[in-house]
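A.B. asks: According to the numbering used here, the sequence shown is numbered sequentially starting from 11. Okay, handing you the structure first.
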Amino acid sequence: AALVISCGEDPEDVFGVLPALVAVPGRLELVGKTSLGAPVFVDYAHTPDALRAVLETVRPHCRGRLRLVFGCGGDRDRGKRPMMGAVAQQLADEIYVTDDNPRSEQPETIRAAICAQCPSARDLDDRRGAIALAISEMGADDLLVIAGKGHETGQQFSDRTEPFDDRLVAADCLAAEAVKNADRGGAHEHS
């Protein structure tokens, strides 16, 4: 808004159209919040620079642990894997390395290349499980970024593409977490 106004547009006109703006799906998209109020975002960041940018963007809004679920695609630039691991190690507090789109490569080889530069990461072969684990471990002041797939609705393997949408999986995990907390008699603080 400030940019458009600085270019000479009438502020009333600018603010009048703001409610009509639609966010780009899978680009720092807020999927929801845990029962403790901790936000969960999905972002398409799949390069070292993009991962750095998203983590640096959310860091000021995180009073607790910045959690990151991500992986790298197979049959693509192998050189970026250790670089993304290094960015994660530098900027995230809790790292869950998992499969992205392994395509024809061995998923464990891709994860190992990432983990070589982020030794504090957990190596998890099930993306859905990694997302669920990260959400289950969140405290009230934490923030989770699920990076790499963004708007994508499938996970690519050598012989097939399976339906998989980080946004839907995260929403399902958040709903399950809310039910679990309600069954325990309410939200509690994680340490």
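Where a beta carbon is used, it is the ideal one built from N, C-alpha and C, also for glycine.
Three or more C-beta pairs closer than 8 Å, one from the stretch 114 to 127 and one from the stretch 37 to 48: is that the case here?
C.D. replies: no
A.B. asks: Cα separation between T113 and G47?
C.D. replies: Here residue 113 corresponds to residue number 103 of the sequence shown, with the count starting at 1. Here residue 47 corresponds to residue number 37 of the sequence shown, with the count starting at 1. According to the sequence displayed, residue 113 carries Arg and not Thr. One alpha carbon belongs to R113, the other to G47, and they sit about 36 Å apart.
A.B. asks: List the DSSP bridge partners of T171.
C.D. replies: Taking the sequence shown and counting its residues from 1, the one referred to as residue 171 is at position 161. Bridge partners of T171: Q166.
A.B. asks: I need the straight-line Cα distance from I282 to D23, nearest angstrom please.
C.D. replies: As displayed, the chain neither begins before 11 nor continues past 201, which places residue 282 out of reach and without an answer.
A.B. asks: Buried or exposed: T66, going by 16 or more other Cβ atoms within 10 Å of its Cβ?
C.D. replies: As a working mapping, residue 66 is identified with position 56 in the sequence shown. Here residue 66 is Glu; the residue named in the question, Thr, does not match the sequence. Classification for E66: exposed.
A.B. asks: Tell me where the alpha helix (DSSP H) around G139 begins and ends.
C.D. replies: Here residue 139 is taken as the residue at index 129 of the sequence shown, counted from 1. R137 to S146 is the extent of the alpha helix (DSSP H) around G139.
A.B. asks: Starting from the N-terminal side, write out each stretch of the beta strand (DSSP E) that is 3 residues or longer and does not extend beyond the stretch 73 to 118.
C.D. replies: Every beta strand (DSSP E) of 3 residues or more that sits fully in the stretch 73 to 118 is shown, in chain order, as 76 to 80 and 104 to 107.
A.B. asks: Tell whether a beta-carbon distance below 8 Å holds between R91 and D152.
C.D. replies: Taking the first residue of the sequence shown as position 1, residue 91 is located at position 81. Taking the first residue of the sequence shown as position 1, residue 152 is located at position 142. In this structure, D152 does not lie closer than 8 Å to R91 by Cβ.
A.B. asks: Just to confirm my understanding: we take K43, look at its own chain, exclude 5 residues before and 5 after, and list those with CB closer than 6 Å. What are they?
C.D. replies: For this step, residue 43 is matched to residue 33 along the sequence shown. For K43, where only same-chain residues beyond five positions count, the Cβ hits under 6 Å are P49.
A.B. asks: Kindly identify the DSSP beta-bridge partner or partners of P49.
C.D. replies: As a position in the sequence shown, residue 49 is number 39, starting the count at 1. P49 is bridged to K43.
A.B. asks: Give the secondary structure of S201 by DSSP, where H, G and I count as helix, E and B as strand, and everything else as coil.
C.D. replies: Locating residue 201 in the sequence shown gives position 191, counting from the first residue. Because the pLDDT at S201 is just 46, under 50, the model does not fix this residue reliably, and the point stays unresolved.
A.B. asks: Decide if the stretch 94 to 109 is in contact with the stretch 122 to 131; the criterion is three or more beta carbon pairs, one per stretch, under 8 Å apart.
C.D. replies: yes
A.B. asks: In the DSSP output, what is L154 paired with across the bridge?
C.D. replies: Taking the sequence shown and counting its residues from 1, the one referred to as residue 154 is at position 144. Looking at the DSSP assignment, L154 forms a beta bridge with V50 and R77.
A.B. asks: Hey, would you say the C-beta of G160 is under 7 Å away from at least one heavy atom of the ligand NAP?
C.D. replies: Judged by which ligands are present, the structure shown has none, so any question about the ligand NAP falls away.
A.B. asks: Does the contact criterion of 3 or more C-beta pairs under 8 Å hold for the stretch 125 to 139 versus the stretch 51 to 68?
C.D. replies: no
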